[in-house]
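Just so we're aligned: the sequence shown equals residues 601 to 782 in my numbering.
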Amino acid sequence: MPGQKDQLRTWWKESSVYQIYPASFQDSNGDGIGDLKGIISRVDYLKELGVDIVWLSPIFKSPQIDMNRQGYDVADYRAIHEPYGDISDVDTLKDKLHERGMKLVLDLVMNHTSDQHEWFQESRKSKDNPYRDWYIWRPPRYDAQGNRQPPNNWESHFQGTQRIEQRQCTSSQLACRKRLGV
601 MPGQKDQLRT
611 WWKESSVYQI
621 YPASFQDSNG
631 DGIGDLKGII
641 SRVDYLKELG
651 VDIVWLSPIF
661 KSPQIDMNRQ
671 GYDVADYRAI
681 HEPYGDISDV
691 DTLKDKLHER
701 GMKLVLDLVM
711 NHTSDQHEWF
721 QESRKSKDNP
731 YRDWYIWRPP
741 RYDAQGNRQP
751 PNNWESHFQG
761 TQRIEQRQCT
771 SSQLACRKRL
781 GV
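Now the structure itself:
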């Protein structure tokens, strides 16, 4: 039966995946930053390469402060990072890929946010704020001389400690526990 092998294939195990970092893939408007329209313009090229799945690195609104501006510090999960385009571009990319039998996977890390995200901004307003328990907060630590110390000894493989100092608060963010369904 034609196509039966493809139907029986476990797509996430047996497909050719091509990861795209949007900012450096293809610039469609000459501003020096790759964008979604640039990716759309290269869909046929990706198909010719034998790509089954396009894995798109983060495209959501972000201040781009994390790990060399990779967009994992999401400020709004409902908006696209403006230099990349908008949600209609995402829909067009998805449609163009699907027309060619390809899939789109978005790189979406839900266990942390930017300190500019509205959930984080709300969580730091007060200890009674409904968003407060979406993050792990700890009071600051001090050594015997009264010098402020990091809240933990967690080191990142990539760069320094894993915390964000919040000067306006008396606590530090260690991690986010986003509640599903929001």
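Beta carbons: idealized from backbone N, C-alpha and C, even for Gly. Since the structure is predicted, the reported quantities are computational estimates derived from the model, not experimental observations.
DSSP bridge partner residues for residue i (one or two, in chain order)
| i | result |
| --- | --- |
| Phe660 | Ile680 |
| Ile633 | Looking at the DSSP assignment, Ile633 forms no beta bridge with any residue, so it has no partner. |
| Val705 | Trp655 |
| Arg748 | Tyr742 |
Contact set for residue i: own chain, Cβ-Cβ below 6 Å, skip 5 residues either direction
| i | result |
| --- | --- |
| Lys694 | Leu704 |
| Ser616 | Gly650, Val651 and Asp652 |
| Trp611 | none |
| Ala775 | Caution is warranted here: a pLDDT of 35 is assigned to Ala775, below 50, making its placement in the model unreliable, and the coordinate value is therefore given only provisionally. Ile736. |
| His717 | Ala675 |
Residues of its chain near residue i, where Cβ-Cβ distance is below 7 Å and the 5 sequence neighbours each way are ignored
| i | result |
| --- | --- |
| Ser662 | Gly671, Asp673, Val674, Ala675, His681 and Ser714 |
| Lys696 | Ile640 and Val643 |
| Ile687 | Ile680 |
| Ser723 | Asn729, Tyr731, Arg732, Trp734 and Tyr735 |
| Gly632 | none |
Start and end residues, alpha helix (DSSP H) containing residue i
| i | result |
| --- | --- |
| Ile687 | Ile687 to Glu699 |
| Val643 | Val643 to Glu648 |
| Trp754 | Looking at the DSSP string, Trp754 is not in any alpha helix (DSSP H), and its letter there is neither H nor E. |
| Gln716 | Note, Gln716: premise wrong, no alpha helix (DSSP H); not H, not E. |
| Lys613 | Trp611 to Glu614 |
Candidates the options: closest to residue i by CA position
| i | options | result |
| --- | --- | --- |
| Asn753 | Arg741, Gln745 and Gly746 | Arg741 |
| Tyr621 | Ile687, Gln664 and Gly630 | Gln664 |
| Leu708 | Trp655, Arg738 and Trp734 | Trp655 |
| Ile647 | Glu699, Pro739, Lys727 and Trp737 | Reading off the sequence shown, one finds Lys at residue 647, where the question assumed Ile. Cα-wise, what sits closest to Lys647 is Glu699. |
| Ser628 | Met702, Phe720 and Gly685 | Gly685 |
| Tyr618 | His712, Leu706 and Asn711 | Leu706 |
| Asp689 | Ile659, Asn747 and Asp666 | Ile659 |
Range covered by the beta strand (DSSP E) that runs through residue i
| i | result |
| --- | --- |
| Ser619 | For clarity, residue 619 is Gln in the given sequence; the question names Ser instead. Unbroken beta strand (DSSP E) run through Gln619: Val617 to Ile620. |
| Trp737 | Tyr735 to Arg738 |
Own chain, CB closer than 8 Å to residue i, minus 5 neighbours either side, in chain order
| i | result |
| --- | --- |
| Gln749 | Pro740, Arg741, Tyr742 and Asp743 |
| Met702 | Val643, Leu646, Lys647, Val651, Asp652, Ile653 and Val654 |
The segment 671-690 / the segment 629-641 touching (three or more Cβ pairs under 8 Å): yes
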